[in-house]
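Quick note: the sequence shown, position 121, residue 121 per UniProt numbering, numbers continuous.
All C-beta atoms in this analysis are idealised placements derived from N, C-alpha and C, irrespective of residue type, glycine included.
Since the structure comes first, as structure tokens, the remarks are kept for the end.
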Amino acid sequence: MPNMYESVGYETYGEAAFKDGLEAQLPAEGSVARGHIPFDIENSTEGYALAKETVMSPLDSTQVDLNRGKELYDIYCGICHGGKGDGQGNLVKREKILGIPSYDDAGRAITAGSIYHTIYYGKNAMGSYANQLQEEERWQVVSYVLQLKADLEN
């Protein structure tokens, strides 16, 4: 019985004994990937408003690492939003994208919840960063963005 210790290799998209005839299968409905925590607020204008009003950071003051938040911000956000959060990143300066508002823009009145929702789903021309950042990393970025906002307001 060599198949017991020398398993047969299958091609991912090759034929197999499953009902649809393919080896590659979708995850079971309702399953959640390991390490992933679903965000229960929908991707809509109403969901954004709800997140803005109700979602708070789960990190307490001892868990916030602004240095880590800055590292992640510089990698994923700074190119557009700028190092100071003033909307003057390199892509804006080179006129590759336009219309990035400053974090201290009174009309936006960003909160931890609105920032998290935007990172998770994206907004306008900005895409989602849910696949690039784990939940804890997103909250570190949120904390750093709120620090940039406070610095701009002073």
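8 Å Cβ cutoff, residue i in contact with chain B
i: glutamate 23; result: Looking for chain B here will not work: only one protein chain is present.
Alpha-carbon spacing of residue i relative to residue j, whole angstroms
i: alanine 17; j: glutamate 11; result: 12 Å
i: glycine 47; j: isoleucine 41; result: 6 Å
i: proline 27; j: aspartate 151; result: 45 Å
i: glutamate 137; j: tyrosine 144; result: 11 Å
i: isoleucine 79; j: glycine 89; result: 5 Å
i: glutamine 25; j: glycine 14; result: 11 Å
i: isoleucine 115; j: lysine 149; result: 11 Å
i: glycine 82; j: alanine 130; result: 20 Å
i: alanine 112; j: lysine 93; result: 27 Å
i: asparagine 154; j: leucine 22; result: 60 Å
i: valine 64; j: serine 102; result: 23 Å
i: tyrosine 76; j: glutamate 6; result: 44 Å
i: glutamine 132; j: histidine 36; result: 12 Å
i: threonine 97; j: lysine 19; result: For the record, residue 97 in the displayed sequence is isoleucine; it is not threonine. Cα to Cα, isoleucine 97 sits roughly 48 Å from lysine 19.
i: glycine 99; j: glycine 9; result: 52 Å
i: residue 170; j: valine 142; result: Residue 170 falls outside the range modelled here, since the chain spans only 1 to 154, and no answer is possible.
i: aspartate 86; j: aspartate 104; result: 8 Å
Residues that residue i bridges to, as DSSP identifies them
i: leucine 22; result: Glu15
Limits of the unbroken alpha helix (DSSP H) element including residue i
i: serine 143; result: 135–153
Rounded Cβ spacing between residue i and residue j (contact assumed at less than 8 Å)
i: glutamine 140; j: leucine 72; result: 6 Å
> Where are the alpha helix (DSSP H) runs, 4 residues long or more, that stay fully inside the stretch 40–127, in chain order?
Replying inline: 45–54, 66–76, 78–81, 90–93 and 112–121
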